[in-house]
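Those letters in the sequence shown? Residues 35 to 122, by our numbering. For reference, the structure discussed in these notes is given below.
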Amino acid sequence: SLLLSTPGSPTQSWHADGGHVSLSTHLPAHVFNVFIPLVHVPPTMGPTEVRPKLHYLTRNLAPMMLAAKCRGTLPSPMVPSLRGGDGL
Numbered sequence: 035s036l037l038l039s040t041p042g043s044p045t046q047s048w049h050a051d052g053g054h055v056s057l058s059t060h061l062p063a064h065v066f067n068v069f070i071p072l073v074h075v076p077p078t079m080g081p082t083e084v085r086p087k088l089h090y091l092t093r094n095l096a097p098m099m100l101a102a103k104c105r106g107t108l109p110s111p112m113v114p115s116l117r118g119g120d121g122l
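Written as structure tokens, this is what we have:
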């Protein structure tokens, strides 16, 4: 699939890019998402943010993120500065 974001696009809320095979057990990855910007995307442009280790919470994202935030265990987002052709 392809996602296109144009200048002035609204900010997206936190979401999972793909579902889990099992909702009860954490299994090895079954898909691989890659982000490749076509132009330089500095942090001021609002690039894709990622949160390390958040894939463990995405089976039930909203409540799991809230619980992690309340416990103080929610990882801070990483905001990479990517050049056209870089992969994330």
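Glycine included, every Cβ here is placed at the ideal spot set by N, Cα and C. All of these numbers come straight from a predicted model, not from anything done at the bench.
Backbone secondary structure at residue i - three-state DSSP
{"i": "L95", "result": "helix"}
{"i": "L88", "result": "helix"}
{"i": "L100", "result": "helix"}
CB contact flag (residue i, residue j, <8 Å)
{"i": "F69", "j": "L36", "result": "no"}
{"i": "K87", "j": "P114", "result": "no"}
{"i": "E83", "j": "P111", "result": "yes"}
{"i": "M98", "j": "W48", "result": "no"}
{"i": "N67", "j": "G52", "result": "yes"}
{"i": "A50", "j": "L95", "result": "yes"}
Proximity to residue i [Cα-Cα], best of the options
{"i": "G119", "options": "L72, M112, D51, S39", "result": "L72"}
{"i": "T45", "options": "K103, T78, L57", "result": "T78"}
Integer Cβ distance of residue i from residue j, believed to fall under 8 Å
{"i": "H64", "j": "V75", "result": "Actually they are not in contact, since the Cβ atoms of H64 and V75 sit about 28 Å apart, beyond 8 Å."}
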